[in-house]
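Have a look at the structure below before the remarks.
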Amino acid sequence: PTFILFVNEEALMHFAYQRYLENYFRKTFDFTGTPIRFILREKTKEDK
Numbered sequence: 001p002t003f004i005l006f007v008n009e010e011a012l013m014h015f016a017y018q019r020y021l022e023n024y025f026r027k028t029f030d031f032t033g034t035p036i037r038f039i040l041r042e043k044t045k046e047d048k
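Under this note's numbering, residues 1 to 48 are what the sequence shown spells out, in order.
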C-alpha cells in the first residue's frame with residue numbers, strides 16, 4: 001500500500017519517524033511482509 005502524508009516541511013520528516021510509522025501501520029493493519037510506501041507532500045496554502 002501507498003500512503004500520502006501531508007507535512008509542513010518534507011525535509012523535517014526524520015527517517016526514524018518514518019520507520020516508526022511504517023512499523024506502526026504494519027502492526028496495526030497486519031501488513032506483515034508487504035512493502036509500505038510513503039509519499040510526503042508539503043502542505044500548500046490551500047491545504048491550511
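Ideal Cβ placement from N, Cα and C applies to all residues, glycine included.
Could you check where the alpha helix (DSSP H) with residue i kicks off and where it finishes?
| i | result |
| --- | --- |
| Glu22 | Phe15 to Thr28 |
The beta strand (DSSP E) with residue i in it runs from where to where?
| i | result |
| --- | --- |
| Leu12 | Careful: Leu12 lies outside any beta strand (DSSP E) and carries neither H nor E. |
| Phe31 | No beta strand (DSSP E) holds Phe31; DSSP gives it neither H nor E. |
Roughly how many angstroms lie between the CA atoms of residue i and residue j, to the nearest whole one?
| i | j | result |
| --- | --- | --- |
| Phe6 | Met13 | 11 Å |
| Lys27 | Arg19 | 12 Å |
Since residue i and residue j are thought to touch, with beta carbons under 8 Å apart, how far apart are those beta carbons, to the nearest angstrom?
| i | j | result |
| --- | --- | --- |
| Asn8 | Glu42 | 7 Å |
Residue i and residue j: beta carbons closer than 8 Å?
| i | j | result |
| --- | --- | --- |
| Phe3 | Phe38 | yes |
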